[in-house]
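Enquirer:
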Amino acid sequence: MGPSVILLVLALLLDLAVGDPPWLPHPTRVMGAGIGALEKLFWRPNASRGYLLAMGGMIVICIVGASWTITWGLLAVAGRINYWVEVLLAGWLLATTIAPRGLAGAALGIGQSLAAGDLLRARQQVGYIVGRDTANLSEGEVVRATVETVAENTSDGVIAPLFYFFLGGVPLAMAYRAVNTLDSMLGYKNERYLFFGRAAARLDDLANYLPARLTGIALCVAAALLGYGWRAWTIMLRDARRHPSPNSGFPEAAVAGALGVQLGGLNYYQGIPSRRPLIGEARQGLRKEHIWQAVYLMVGATVIAALAGGLILGLRGNWY
């Protein structure tokens, strides 16, 4: 077993055992602080469209470039100290780019609140992981929001960073995490960020193009292995492109097909209605059990991606 495979296993075990505790320094928080500082430096009210596009692009270059360079530099320095120091540091850094434990924990917490009949708490919990208004959601709408988030973040929070690790090692996985963080902070279609955040949003779309489709495939395979049949594949091929995002529709449609439910519909954002195209077939109503099933699909897709990536890593002897 080569060092890259050892590193992959180490990162998955670290995430499973520790996750992302708030007391542990996390690179994403550093990225977020850097993005916030650069936004304050470059943002100008009433600036021209060209200025906003250029400065938004400058932030993207700075944050993504710094994330790759600092990660590579830290590993290079650690390697000069000791081989195992490098391995442990690389394993921890890779673990910070993935979040299967955090995603499962957040979703299952909502499911447990619903199982206990505490809809108010479930609404509050789902409000931590989605951007839509949650104060008046029904139980079915809470389940829909949770399942959609698990599906989408199976790509963004698990498969995509692993894909970039397989492609270019820990520094590239960290660069991807920077891209995703930039989009989460700047990639909005509102007055402030329509132009200022355009580079971040477009780069995120590009970076997730292949991973989202591979995630959809992994979820379809996981669904078949878990006994849901191949309906996930049929629905993904039919409905994925209905989603307004060029990428999110693939994992969401795969999960909707596997569970036999319908996702999408009417959401509210700060009181403003936004209707999303329907994805999947409502063979059954959304129930709290579907949250657990979505998490099982996420875990299955993670295992499939790790096994496939392990075979790829076996052909490589290094991680950067």
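Under numbering that gives the first Met the number 0, the residue at position 290 of the sequence shown is numbered 289, and the numbers go up by one with no gaps.
Quick reminder that beta carbons are idealized off the backbone N, C-alpha and C, glycines included.
Short of 6 Å in beta carbon distance, which residues of its chain neighbour S247, apart from the five on each side in sequence? Order them along the chain.
Expert: So the qualifying residues of the chain are E151.
Enquirer: Please state whether DSSP places Y82 in a helix, a strand or coil.
Expert: Note: Y82 maps to helix in three-state DSSP.
Enquirer: Under the three-state reduction of DSSP, which class applies to Y192: helix, strand or coil?
Expert: Of the three classes helix, strand and coil, the one that applies to Y192 here is coil, per DSSP.
Enquirer: Should E147 go down as buried or exposed, given a rule of 16 or more other Cβ atoms within 10 Å for buried?
Expert: By the neighbour-count rule (16 or more Cβ atoms within 10 Å), E147 is buried.
Enquirer: According to DSSP, is I5 helix, strand or coil?
Expert: Three-state DSSP puts I5 in a helix.
Enquirer: Among I303, L37, A293, which residue has its Cα nearest to the Cα of G110?
Expert: It is A293.
Enquirer: Please work out which residues of its chain come closer than 7 Å, Cβ to Cβ, to L202, disregarding the five sequence neighbours upstream and downstream, and give them in chain order.
Expert: V59, V178.
Enquirer: Would G299 pass as a contact of I278 if the rule is Cβ separation under 9 Å?
Expert: No, these two residues do not count as a Cβ contact at 9 Å.
Enquirer: Can you give me the Cβ contacts of L265 inside the same chain, cut-off strictly under 7 Å, excluding the 5 residues immediately before and after it?
Expert: Same-chain partners within the cutoff: P272, R274.
Enquirer: Can you find the residues in the same chain that come closer than 6 Å, C-beta to C-beta, to Y192, ignoring five residues on each side of it along the sequence?
Expert: Taken in chain order, the residues that qualify are L185.
Enquirer: In terms of alpha-carbon separation, which member of A115, T145, G139, A114 lies closest to V125?
Expert: For the residues A115, T145, G139, A114, the minimum Cα distance to V125 belongs to T145.
Enquirer: Near M235, what residues of its chain come up, given a Cβ to Cβ distance below 7 Å and the 5 sequence neighbours on each side ignored?
Expert: So the list reads G215, C219, F249, A252, A253, G256, once near-sequence residues are dropped.
Enquirer: Go to S112, then tell me how far its alpha helix (DSSP H) extends in each direction, as first and last residue.
Expert: Note, S112: alpha helix (DSSP H), 99-114.
Enquirer: Going by C-alpha to C-alpha distance, which of M297, G196, A307, I97 sits closest to Y50?
Expert: It is G196.
Enquirer: Going along the chain, which residues of its own chain have a beta-carbon closer than 6 Å to the beta-carbon of A239, five neighbours each way excluded?
Expert: G248, F249, A252, listed in sequence order.
Enquirer: Hey, A172 and A304: beta-carbon distance below 9 Å or not?
Expert: No, the pair does not count as a contact, with Cβ atoms beyond the cut-off.
Enquirer: With DSSP as the reference, identify every bridge partner of I271, one or two as the case may be.
Expert: I271 pairs with Y268.
Enquirer: Around the Cβ of I80, are there at least 16 other Cβ atoms within 10 angstroms (buried) or fewer (exposed)?
Expert: Exposed, since its Cβ has fewer than 16 Cβ neighbours within 10 Å.
Enquirer: I'd like the list of long-range same chain contacts for L7, defined as Cβ closer than 7 Å, with 5 residues on each side in sequence excluded.
Expert: The residues are A305, G308, G309, L312.
Enquirer: In its own chain, which residues sit with a C-beta less than 7 Å from the C-beta of A134, not counting the 5 before and 5 after it?
Expert: For A134, where only same-chain residues beyond five positions count, the Cβ hits under 7 Å are R122.
Enquirer: Quick check on this structure: which residue in K39, V29, A94 has the alpha carbon closest to the alpha carbon of L12?
Expert: Selected option, being the one with the closest Cα: A94.
Enquirer: If you draw a straight line from the alpha carbon of T70 to that of S137, how long is it in whole angstroms?
Expert: When rounded, the distance between both Cα atoms is 44 Å.
Enquirer: In this structure, how does DSSP classify G313 when only helix, strand and coil are distinguished?
Expert: Three-state DSSP puts G313 in coil, outside helix and strand.
Enquirer: Does the Cβ of T68 have 16 or more other Cβ atoms within 10 Å, making it buried, or fewer, making it exposed?
Expert: With fewer than 16 Cβ atoms within 10 Å of its Cβ, T68 is classed as exposed.
Enquirer: For Y187 and Y208, I'd like the C-alpha separation in whole angstroms.
Expert: Each residue's alpha carbon lies about 18 Å from the other.
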